[in-house]
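First comes the structure, then the notes that go with it.
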Amino acid sequence: MHLDSAIEKASTPEDIITFRWIDLEGFQELTNFLSIYNGAKFLEKGYSSTTLFFNGNIEYSGDVLFILKVPKYFNAACLKSISNIQTEDELLLKRDSTYTVEKIIFYTDTHAILLCNVQ
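Each residue of the sequence shown is one higher than the one before, counting from 21 in our numbering.
Below, the structure written as structure tokens:
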């Protein structure tokens, strides 16, 4: 609960783009194995650990890349100053965030790149 209250006090100063890699199993859990299409919505019940800088898949293992459009004043905490990994540039999004697929950039049975709006 302390993390929830801390994130409630923090917000994005402007519209930003952030990135999140997840493995196929995590993606299937997030989507409940439903079809992916433009306009599809997924509820992330936990916190979303994202990065502000895209480094390809060098530092992050994962089969699915979410390119997340986070709106101004969205509850999220920048963890760079307290992270053990300074290059990570982590932005932690609040629990119960909804991802809405704006565009399917790439999609196969085992990999995907999705541009999503976060609410």
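Even glycine gets a Cβ: it sits at the ideal position worked out from N, Cα and C.
Treat the numbers as computed from the prediction; the structure is a model and nothing was measured.
So, helix, strand or coil for phenylalanine 16, using DSSP? Past the boundaries of the shown model lies residue 16; the chain is included only from 21 to 139, so the question cannot be answered.
Suppose you measure from the CA of serine 69 to the CA of tyrosine 57; what does that come to, to the nearest Å? 23 Å
What is the DSSP secondary structure of glutamate 110, reduced to helix, strand or coil? strand
Is DSSP giving isoleucine 27 helix, strand or coil here? helix
Pick from Leu85, Thr38 and Ala97 that is closest to threonine 128, judged by C-alpha positions: Leu85
What does the alpha-carbon distance come out to for the pair alanine 97 and leucine 23? 10 Å
Would you call tyrosine 119 buried or exposed, if buried means 16 or more other Cβ atoms sit within 10 Å of its Cβ? buried
Residues of its chain near glutamate 34, where Cβ-Cβ distance is below 8 Å and the 5 sequence neighbours each way are ignored: Lys92
So, for isoleucine 42: in the same chain, excluding its five sequence neighbours on each side, which residues have a beta-carbon less than 6 Å away from its beta-carbon? Gly82 and Val84
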